[in-house]
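Report on the structure given below.
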Amino acid sequence: MASTPRRSYSNATIAGLMTLARGGCYWPDCGVPTIPMINGAPRLNLEIAHIRAFEEGGKRDPDWSVAERNSFANLMLL
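Note that the numbering used here has the sequence shown beginning at 120, numbered continuously upward.
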């Protein structure tokens, strides 16, 4: 049985995405913070999205490996 490819991101990749996001969503004019304070505690409010689809059936380069699809250059925060 073949294993299903997994989404996997290093801590450095997550930190890089958070730094580039500068506290907000990558979507223009979204304005929603990535870490809002709820009842005095910080909460993560983000999703790591693939620019070119990770899953089959989405728009993606079929020749890319799982590592290439999970690479920093193919990710953004929403």
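For glycine and all other residues, C-beta sits at the position ideal for the given N, C-alpha and C.
Predicted model, so just to flag it, every value in this text is computed and none were measured.
Assignment of beta-bridge partners to residue 195 by DSSP yields 168. With a contact defined as Cβ atoms closer than 8 Å, residue 193 and residue 128 miss out at about 11 Å. DSSP places residue 139 in the uninterrupted alpha helix (DSSP H) bounded by 130-140. Per the Cβ contact rule, the segment 125-144 is in contact with the segment 167-181 (3 or more Cβ pairs under 8 Å). Under the DSSP assignment, residue 151 falls outside any alpha helix (DSSP H); it carries neither an H nor an E label.
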